[in-house]
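To start, the structure under review is shown below, and the notes come after it.
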Amino acid sequence: MDGKAVADSIRTSLKADIGALATTYPGFRPHSSIIQVGNRDDSSLYVHMKEKTAHGYRHALPLAPLASLTSS
């Protein structure tokens, strides 16, 4: 199984579905939120990649960064 081909197929289908919904319901825009606790580099990179992907779908994805609640 080619993971990249599967991912590309899912992305293409998702863009088409979002476009169809936006045509049927003017003003439709997918929306979700990210709550990031702390400031770990790996977590920040993951969040950045999710923001980049969401932007490609015109998907609203606000980020709510929170300070770390515990110390290590």
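All the letters of the sequence shown, read from the start, carry residue numbers 1 to 72 under this note's numbering. Beta carbons are placed, not taken as given, at the ideal position from N, Cα and C, and that holds for glycine.
- Checking the DSSP bridge columns, you'll see Ala-64 partnered with Ile-35.
- Shown here, Met-49 sits in a helix according to DSSP, grouped into three states.
- Distance from the CA atom of His-59 to the CA atom of Ser-68, rounded to whole angstroms, is 27 Å.
- Judged by their CB atoms, Leu-66 and Ile-35 are nearer to each other than the 8 Å cut-off.
- When the five nearest sequence neighbours on each side are left out, the beta carbons in the same chain lying within less than 6 Å of the beta carbon of Pro-62 are those of Ser-33, in order along the chain.
- In the DSSP annotation of this structure, Asp-2 is not part of any alpha helix (DSSP H), being labelled neither H nor E.
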